[in-house]
Structure formats: structure tokens, C-alpha cells
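Structure, as C-alpha cells:
There are 2 protein chains.
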Amino acid sequence: MPETTPRRRGEYSKSAQRREDILDAAAAVFSRAGFGAASLAEIAERAGISVAGLNHHFATKTQLLEAVFDRTQRQAETFFQSSDPIELLRSAVSLAAQNASDPLATRFFAVMSAEATSPDHPAHDYFQRRYAETVEQVLASFATLRDQGRLRAEVTPEEAARAYMALSDGLQIQALYDPEAFSQPAMLRRLLSSFLTEPL
Amino acid sequence: MPETTPRRRGEYSKSAQRREDILDAAAAVFSRAGFGAASLAEIAERAGISVAGLNHHFATKTQLLEAVFDRTQRQAETFFQSSDPIELLRSAVSLAAQNASDPLATRFFAVMSAEATSPDHPAHDYFQRRYAETVEQVLASFATLRDQGRLRAEVTPEEAARAYMALSDGLQIQALYDPEAFSQPAMLRRLLSSFLTEPL
DNA sequence: GTCTATAAATTGATAGAC
DNA sequence: GTCTATCAATTTATAGAC
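Going down the list, the sequences are from chains A and B.
In terms of the working numbering, the first sequence opens at residue 268 and continues consecutively.
In terms of the working numbering, the second sequence opens at residue 268 and continues consecutively.
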């Protein structure tokens with residue numbers, strides 16, 4: 268990148284790196300304390316910056332939380348792209364494997380999705396929309412499977428969809444309390460298979 | 268009760284009622300804010316008492332949280348008493364119905380079980396023990412069902428036990444975001460049935 | 001962009017009167 | 001058993017120097 272560029276060399280990337288550091292620190296503190304009890308002082312300390320410096324990048328605590336969501340959202344978007352329903356279920360199992368290897372991110376979402384059930388929580392609308400969208404998407408996949416005769420007759424597509432989401436959320440909690448007790452992806456794969464006429 | 272009793276008439280019951288009021292208020296605030304962000308001032312205000320008066324009944328915030336757990340524990344103990352495994356699963360469905368009618372208590376446990384996955388949370392040991400005990404109990408029931416040939420061969424007792432717990436926890440979150448979308452007990456009953464060789 | 005200094009409010013908890 | 005008054009610590013956010 269030549270020096271004629273308006274932005275001096277390294278300036279942007281250094282600032283962007285600082286932003287990433289802050290978001291890492293914020294995710295860690297939010298996941299442990301929840302939103303309300305998380306302190307900007309601790310986030311700033313973890314990020315190696317002062318509170319005033321932190322407030323320069325993110326003016327308010329809520330904006331900081333939203334920035335953490337935006338980032339993880341961008342990272343997750345690449346995960347569910349296949350249109351083949353079986354492939355999508357396999358992606359879900361892969362996602363469980365990723366969750367098992369990243370307890371911090373797992374706890375962040377577990378804590379936020381629980382406390383954001385309160386209507387006045389800053390992430391309430393985000394999660395309400397997110398759950399509604401996920402139900403729709405997974406439901407569509409199971410509906411396709413049913414039309415192909417690959418869903419067991421005892422289970423409706425909606426039941427399978429809500430069950431998948433509940434199993435995913437619930438197994439993460441269990442794994443956080445006892446990571447050695449079971450394999451999250453293996454358990455999820457076998458339970459999803461129990462809804463199908465063929466193994467996953 | 269004659270006046271010669273050391274405890275004056277009505278004194279105990281009034282104090283006990285105040286305690287109940289405080290625990291109600293505490294459960295409401297803890298469920299919305301989590302433990303760390305819950306303020307004693309708000310709890311005291313809801314209970315119609317000063318903060319100092321609150322501290323007279325419960326010396327510390329942690330003791331207050333533990334008292335809320337103790338009470339709900341006592342209330343829930345009467346729920347799972349049957350030794351017949353099918354009856355125990357039916358009790359689980361009834362419990363889901365009760366949860367659906369009490370979103371405040373539901374959110375209290377959802378929020379606490381998520382944030383207590385952090386090892387330094389005041390309720391961490393409580394939930395870790397609670398989850399381990401529940402796995403054991405439900406596992407034993409499904410093992411009995413398997414021995415009786417009432418559990419589908421594709422599902423192991425441990426998978427069924429962890430699935431039940433995950434479904435229970437996960438469906439509660441979904442119901443908190445969209446209470447009208449589905450019937451929690453009906454969904455749980457049908458999903459549990461899908462693990463069995465006979466409808467529940 | 002990052003800092004020090006500071007504001008204004010709130011925190012959990014205690015002391016002591018009644 | 002409940003109160004007022006108070007404590008020291010921490011909270012989010014801002015102002016202004018560099």
C-alpha cells in the first residue's frame with residue numbers, strides 16, 4: 268500500500284486490532300457477569316486501555332454489547348449456507364463441536380439469551396428476532412425432510428425444529444457444568460438422528 | 268394460643284410474611300437483572316421496606332439468593348416422588364405446565380443456571396450439584412424403562428436423560444420469547460414419547 | 001487516540017436511635 | 001424489627017490536556 272494513500276500505513280489495522288481486543292475483553296466480562304453487572308473498568312483493564320479510552324471507541328455500554336453481537340453474527344453467517352437440509356443438520360452438529368471448544372463464547376450466548384428474555388434488556392429484540400428466524404429456517408429444513416419421507420412420522424417438523432434448538436441450548440448448559448461427561452456433537456448427532464428414518 | 272406464650276400472637280406469622288414478601292421481591296429482581304446487577308435497593312422497595320430493614324432479615328446479598336433457592340427447592344421437592352418411571356415423566360410434563368404459568372420463576376432459574384456456569388458465581392456449586400443429581404435420577408428412570416422394553420433401541424438411557432433436561436431448559440427459553448407459539452407441556456410430552464415405544 | 005481528573009449517582013453494608 | 005444516617009467503594013460517562 269503506497270504512502271500516497273490518505274490513511275497512513277498501519278494506522279487502520281492498529282485501530283482495528285484495538286477494537287478486536289476490546290470486543291474480546293467485553294465478551295469475556297459479559298459472559299461472566301451478564302450485561303448489568305459487567306463493569307467497563309474490568310473490560311478496559313482486560314483490553315489494556317483506560318475507561319476513557321474505551322469510551323472513545325464505544326460511547327455507551329449498550330453500544331459495546333451490540334458491537335459484540337455484530338461481530339459474532341458476521342462470524343456465524345458463514346456457517347449455515349447449504350440449502351440441502353441434511354447438510355444443514357450436519358452443520359448444526361459441527362457448530363456444537365465448535366461450541367464445545369469455546370466455552371467463553373458459549374457462556375456469553377447462554378447468559379445473554381437467558382437474561383434477554385426480560386423485555387427491557389438491551390438485547391431483547393435481537394434475541395427475540397433471532398429465535399423466531401431460527402425456528403423458521405430449521406422448520407423449513409425439517410419440512411423438506413418430511414416431504415422426502417426422511418422424518419419419522421411420529422414427529423412434526425415444528426417439533427423437530429424446536430427440539431433441535433432446545434437440545435442445542437440445553438446441552439450447552441450441561442456441558443458448561445460438566446465438560447467431560449459427554450460429547451456435545453456426538454450427543455446432538457444421535458438425538459437428531461432419532462427424529463429421522465436414517466442415521467445422520 | 269394464650270398470651271402466656273413467649274411469642275406474642277401474630278408476631279411470628281407477620282415476620283414470616285415479611286420474609287416471604289422479601290423473597291418474592293428478590294426472585295423478581297434476580298430474574299431480571301441476574302445476581303450481580305440486582306440491587307438491594309430495588310428489592311427493598313418492592314418488598315416495602317428499607318435497605319437496612321432488608322439487611323436485618325438477610326445479612327448479605329448472597330444469603331438472600333440462597334434463601335430464594337431454599338424456598339423453591341422446598342416447593343419442588345414434593346413434585347418428583349413417584350418411583351414409577353412413567354409417572355415421573357408425567358410429573359416432568361406437569362412441571363412444564365407449571366413453568367409455563369409462572370414466567371417469573373422460569374426466568375429466575377434460566378438466568379441463574381446460565382450465569383452460575385461461571386465457577387465464581389455464588390450459585391455455581393448449587394447448580395453443578397443439582398444438574399449432576401438430576402442426570403442420575405432421570406437416567407435411572409430411563410434405564411428401568413429400557414429394561415422393560417419401553418425405550419426405543421436407538422436411544423440410550425443417558426441420551427434420553429440429557430435430552431429431557433436439555434429440552435426442558437431450552438423450551439423454557441423459547442417460551443419466554445414467544446409464549447403463544449407452542450404449548451410447553453404438549454411439546455415436551457410428544458418429544459418424550461418419541462423416545463419411547465409407547466405414547467406417554 | 002489515549003490519557004488524568006472528575007462528576008454525579010449508586011452500590012452493599014454498618015452503626016445506632018427508637 | 002425498622003428506621004435514618006453514613007460509610008467507603010464502585011458505577012457510567014464526560015471534560016480537557018497532550
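A virtual CB, placed ideally from N, CA and C, is assigned to each residue, including glycine.
The beta carbon of LEU331/A lies closer than 6 Å to those of ALA293, PHE325 in the same chain, with the five residues before and after it left out.
When C-beta atoms of the stretch 283-290 of chain A are compared with those of the stretch 365-372 of chain B, fewer than three pairs fall below 8 Å, so the two segments do not count as touching. Secondary structure at LEU371/A: helix, using DSSP grouped into helix, strand and coil. In the three-state reduction of the DSSP assignment, LEU418/B falls in the strand class. Contact note: SER450/B does not reach chain A at a C-beta cutoff of 9 Å; the least C-beta distance is about 11 Å. Boundaries of the alpha helix (DSSP H) around ASP337/A: 328-344. Contact annotation: the stretch 422-435 of chain B touches the stretch 428-441 of chain A, with at least three C-beta pairs closer than 8 Å. Counting along the chain, no alpha helix (DSSP H) covers HIS388/A, and no H or E run does either. Between the alpha carbons of ASP351/B and PRO386/B lies a distance of about 35 Å. Under the Cβ distance rule, ILE310/A does not count among the residues neighbouring chain B, no pair being separated by less than 7 Å. At least 7 Å separates the beta-carbon of GLY301/B from that of VAL422/B.
Taking the CA atoms as reference points, TYR393/B sits about 21 Å from LEU371/A. Rounded to whole angstroms, the separation of the alpha carbons of PHE346/B and PRO466/B is 22 Å. Just so you know, the alpha carbons of SER380/A and VAL360/A end up roughly 20 Å apart. Judged by their CB atoms, ILE310/B and VAL296/B are nearer to each other than the 7 Å cut-off.
Using a CB distance below 8 Å, no part of the stretch 345-360 of chain B faces chain A.
For ILE310/A, the uninterrupted alpha helix (DSSP H) run begins and ends at 307-314, by DSSP.
Here LEU467/B carries a coil assignment [DSSP, helix/strand/coil]. One thing to note: PHE462/A has its Cβ no nearer than 7 Å to the Cβ of ARG413/A. Interface annotation for the stretch 434-464 of chain B against chain A: LEU434, SER435, ASP436, GLY437, LEU438, ILE440, GLN441, LEU443, TYR444, ASP445, ALA448, PHE449, MET454, ARG457, LEU458, SER460, SER461, PHE462, criterion Cβ-Cβ distance under 8 Å.
The C-alpha of ARG397/B lies about 37 Å from the C-alpha of THR327/A.
When the beta-carbon positions are compared, PRO452/B and ALA363/B come within less than 7 Å of each other. Rounded to the nearest whole angstrom, the C-alpha separation of GLU354/A and GLN348/A is 9 Å. Within chain A, not a single residue places a beta-carbon under 9 Å from that of VAL318/B; the smallest gap is close to 18 Å. For SER350/B, there is no enclosing alpha helix (DSSP H), since its DSSP letter is neither H nor E.
Pairing TYR444/A with LYS281/A, the inter-Cα distance amounts to about 37 Å.
Contact between HIS391/B and ALA383/B is confirmed by a C-beta separation of about 5 Å, below the 8 Å threshold. Under the three-state reduction of DSSP output, SER461/A falls in the coil class, being neither helix nor strand. Scanning chain A for C-beta atoms nearer than 7 Å to the C-beta of PHE394/B yields TYR444, reported in chain order.
Taking C-beta atoms as the reference points, THR339/B and PRO389/B fail to come closer than 7 Å. The C-beta distance from ARG374/B to SER298/B rounds to 4 Å, short enough to fall under 8 Å.
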